[in-house]
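Just so you know, the sequences run in chain order A and B. Yeah, the first sequence ends on 204 if you go by the working numbering, and it's all consecutive. Yeah, the second sequence ends on 204 if you go by the working numbering, and it's all consecutive.
There are 2 protein chains.
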Amino acid sequence: MTELLTKNILNHITLSKKELESFCSLFNQKEVRKKHFLMQEGEICKFEGFVTKGLFRVYHIDSNGFEQVLYFAKENWWITDIDSFTNEKPSQLYIQALEDSEVLLISKKDKEFAYNNIPKIEKLFRVMTQKTHIALQRRIIDNLSKTADRRYIDFIEKYPNLFQRLTNLQIAAYLGISHEFLSKIRRKIASK
Amino acid sequence: MTELLTKNILNHITLSKKELESFCSLFNQKEVRKKHFLMQEGEICKFEGFVTKGLFRVYHIDSNGFEQVLYFAKENWWITDIDSFTNEKPSQLYIQALEDSEVLLISKKDKEFAYNNIPKIEKLFRVMTQKTHIALQRRIIDNLSKTADRRYIDFIEKYPNLFQRLTNLQIAAYLGISHEFLSKIRRKIASK
DNA sequence: TTCATTTATTGAACTTGTTCAATGTTTTGA
DNA sequence: TCAAAACATTGAACAAGTTCAATAAATGAA
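Set out below in structure tokens:
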């Protein structure tokens with residue numbers, strides 16, 4: 013059940029078997045069926061999650077009712093609202109399963125326990141947060157500098173398997189364009 | 013010389029006087045005159061810096077020659093190219109002083125030393141990276157959902173003192189619009 | 001002070017992307 | 001399996017933002 017998690021952790025840092033087991037035992041599995049929510053706006057995010065099966069989208073609904081996708085998370089990805097989780101304040105995000113999914117969840121209390129009792133866990137999350145940080149910076153620059161066509165093409169190239177599992181509506185909400193316009197981009201690309 | 017740094021650190025975590033001194037002693041001061049560079053594209057970022065005086069901009073130049081500002085850093089802000097620094101690869105960014113400035117720099121080696129010898133430093137950087145992470149997420153959502161007028165108004169409200177020290181060219185490069193269009197936004201706002 | 005450089009403003013033509021409404025296609029669940 | 005719902009495409013009118021070129025204003029270095 014936690015093999016994928018183990019592998020993922022060892023990808024970031026080195027941990028002894030004992031430390032690994034101790035850390036992994038803090039997680040609880042949860043199933044989330046397609047279209048169901050792991051979290052909704054207004055709730056305080058009580059977990060940090062690791063996706064073992066399926067696909068989620070983390071998104072925001074703005075004051076005009078439009079959805080913006082912050083990120084997608086498939087197997088082997090971490091998922092949370094770091095702001096809500098860390099600062100214990102109401103979330104502005106929704107986390108929804110786009111397929112029948114499974115996640116391993118760790119509570120704030122258990123994560124604190126890990127920080128205090130398995131020193132390397134501090135490093136694990138520092139390293140992971142750093143990696144996400146780098147990706148977010150990249151995305152900001154791309155959003156500022158690239159045209160929608162380019163961002164769409166880049167998205168397909170960067171996440172070819174994710175792309176196949178997503179509708180155009182979802183991709184448009186990630187790219188920050190209307191789905192009608194995405195449709196026109198697709199036509200333009202296809203006609204080449 | 014390191015009072016501001018000390019204060020900043022204690023704002024994130026608690027450290028003993030001894031730990032603080034030990035950590036602060038790893039920094040070297042550097043002056044950077046207006047328009048001079050702390051780092052340029054292609055270089056490997058050798059430092060993590062803390063601004064004690066002045067103002068910097070961290071920016072990227074895209075393939076069409078346009079500049080995008082990733083962030084500004086004034087006194088009491090940290091500054092680095094985390095990707096280049098962490099992964100020791102050539103940077104895609106420029107870091108330039110917009111005023112006569114001073115920074116405290118720590119090298120990768122000394123930062124590693126701190127990680128290994130002052131356990132709480134791991135936490136310091138995890139917490140700081142987390143905070144930046146939250147701000148970056150916020151900015152991505154704003155860039156996706158808000159119109160340029162709104163982003164400009166928000167910028168002024170969020171960073172009123174920074175705003176006064178920046179030219180409209182710099183602000184436009186941060187907002188991701190042409191400076192001509194920013195000028196038109198300003199006119200529209202003023203006429204109300 | 002002065003002159004060169006950088007920054008800011010403006011208008012006109014253009015490009016990119018949105019909105020709305022209609023239509024067709026695919027998926028899904030009872 | 002079949003109707004409803006969700007998804008995708010298209011065109012036309014519109015809005016947001018860019019580009020280019022000209023001019024004005026502010027700044028800075030000698």
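Note that CB positions come from ideal geometry on N, CA and C, so glycine has one too.
Worksheet item: On the three-state DSSP scale, how would you describe Thr18 of chain A?
Response: Note: Thr18 of chain A maps to helix in three-state DSSP.
Discussion item. What does the alpha-carbon distance come out to for the pair Ala160 of chain B and Arg199 of chain B?
Written reply: Across the structure, Ala160 of chain B and Arg199 of chain B are spaced so that their CA atoms are roughly 13 Å apart.
Worksheet item: Quick one, which of A:Met51, A:Val115, A:Thr98 has its alpha-carbon nearest Gln41 of chain A's?
Response: Gln41 of chain A has its Cα closest to that of A:Val115, out of A:Met51, A:Val115, A:Thr98.
Worksheet item: Among A:Glu134, A:Tyr106, A:Ile73, which one has its Cα closest to the Cα of Ala85 of chain A?
Response: The alpha carbon of Ala85 of chain A has as its nearest neighbour, out of A:Glu134, A:Tyr106, A:Ile73, the alpha carbon of A:Tyr106.
Worksheet item: What is the DSSP secondary structure of Tyr62 of chain A, reduced to helix, strand or coil?
Response: This sequence places Phe at residue 62 of chain A; Tyr is not what is there. It is a strand residue.
Discussion item. Need the endpoints of the beta strand (DSSP E) that Tyr127 of chain A sits in, please.
Written reply: For Tyr127 of chain A, no beta strand (DSSP E) segment is defined; the enclosing uninterrupted segment is the alpha helix (DSSP H) at 120–129.
Item to complete: Would you list the one or two residues that DSSP bridges to Met51 of chain A?
Response: Note: Met51 of chain A is bridge-paired with A:Ile107 in the DSSP secondary-structure output.
Item to complete: Could you please tell me which residues of the stretch 114–142 of chain B, in chain order, have their CB closer than 7 Å to any CB of chain A?
Response: For the stretch 114–142 of chain B, the set of residues with a beta-carbon nearer than 7 Å to any beta-carbon of chain A comprises Pro131, Glu134, Lys135, Phe137, Arg138, Thr141, Gln142, in chain order.
Worksheet item: Looking only at DSSP bridge pairs, what is Ala85 of chain B linked to?
Response: Beta-bridge pairing links Ala85 of chain B to B:Phe68.
Worksheet item: Who are the near neighbours of Gly77 of chain A in its chain, counting only those whose CB is closer than 6 Å to its CB and skipping five residues on each side?
Response: Within the same chain, Gly77 of chain A has no close Cβ partners at all.
Fill in: Limits of the beta strand (DSSP E) - the one that Asn205 of chain B falls within
Nothing can be reported for residue 205 of chain B: it is not among the residues displayed for chain B, which extend from 13 to 204.
Worksheet item: With distances taken from CA atoms, which of A:Glu134, A:Cys57, A:Arg150 is nearest His24 of chain A?
Response: Cα-wise, what sits closest to His24 of chain A is A:Glu134.
Worksheet item: What are the boundary residues of the alpha helix (DSSP H) that Lys46 of chain B is part of?
Response: For Lys46 of chain B, there is no enclosing alpha helix (DSSP H), as DSSP gives it neither H nor E.
Worksheet item: Who are the Cβ neighbours of Lys65 of chain B in its own chain at under 7 Å, not counting the five residues just before and after it?
Response: If the five residues before and after Lys65 of chain B are omitted, its C-beta is found closer than 7 Å to the C-beta atoms of Glu87, Ser113, Glu114, all from its own chain and listed in chain order.
Discussion item. Counting only Cβ pairs nearer than 8 Å, list the residues of chain B close to His145 of chain A.
Written reply: The contacting residues are Ile94, Thr141, Thr144, His145, Leu148.
Worksheet entry | Unbroken alpha helix (DSSP H) run spanning Leu187 of chain B, endpoints | 180–187 is the span of the alpha helix (DSSP H), which, as asked, contains Leu187 of chain B.
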